[in-house]
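Asks: In the working numbering, the protein residues as written are 188 to 319.
Encoded as structure tokens, here's the structure I'll be asking about.
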């Protein structure tokens with residue numbers, strides 16, 4: 188159909204004759220461009236959908252699903268993409284600060300402070316007046 192339209196246009200404009208067309212019509216190849224806007228919109232919608240599923244499963248990561256399972260099966264990341272993301276995250280300063288803390292570091296502090304401050308302050312002693 189596209190070749191017929193091109194043929195008609197070329198013949199009517201006088202660009203070539205019928206004989207010229209017959210000589211080149213079998214050598215024509217069509218290369219279609221992709222619509223960048225459509226492709227980008229589709230990719231964004233797919234990512235948005237995956238993130239919504241991730242948000243729904245977030246409470247179950249570490250309980251029913253591993254982080255790796257979520258990366259591979261929900262986010263559809265390849266092993267190379269997962270490795271790249273982990274490398275990039277570890278190189279970011281705010282990520283390093285956030286994940287250098289561990290529960291053991293809070294327990295191993297030298298000061299005798301609890302969650303409410305120094306010992307004896309802010310934490311009531313158990314007794315009959317405190318409901319304990």
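From the three backbone atoms N, C-alpha and C, an ideal C-beta is built for every residue, glycine too.
#1: Drop a sphere of 10 angstroms on the beta-carbon of residue 188, count the other beta-carbons inside from all chains shown, and report buried for 16 or more, exposed for fewer.
#2: Which word fits residue 257, buried or exposed, when buried means at least 16 other C-beta atoms lie within 10 angstroms of its C-beta?
#3: For the alpha helix (DSSP H) containing residue 253, name the first residue and the last one.
#4: Given this structure, state the Cα-to-Cα distance separating residue 259 from residue 266, to the nearest angstrom.
#5: Residue 238 CB to nearest chain B CB: under 8 Å?
#6: So, helix, strand or coil for residue 210, using DSSP?
#7: Would you mind stating whether residue 276 and residue 262 have Cβ atoms separated by less than 8 Å?
Replies: Considering the structure as presented:
#1: By 1-based counting over the chain shown, the position of residue 188 is 1. Exposed, since its Cβ has fewer than 16 Cβ neighbours within 10 Å.
#2: Position 70 of the chain shown holds residue 257. Burial call: buried.
#3: In the chain shown, counting from the first residue as 1, residue 253 sits at position 66. Residue 253 -> no alpha helix (DSSP H), and no H or E assigned at all.
#4: Within the chain shown, residue 259 is the residue found at index 72, counting from 1. Within the chain shown, residue 266 is the residue found at index 79, counting from 1. Those two C-alpha atoms are separated by around 8 Å.
#5: This model lacks chain B altogether, as it is built from one protein chain only.
#6: Numbered from its first residue, the chain shown carries residue 210 at position 23. Helix.
#7: For the purposes of this step, residue 276 is identified with residue 89 of the chain shown, where counting begins at 1. For the purposes of this step, residue 262 is identified with residue 75 of the chain shown, where counting begins at 1. For residue 276 and residue 262, no; Cβs fall outside 8 Å.
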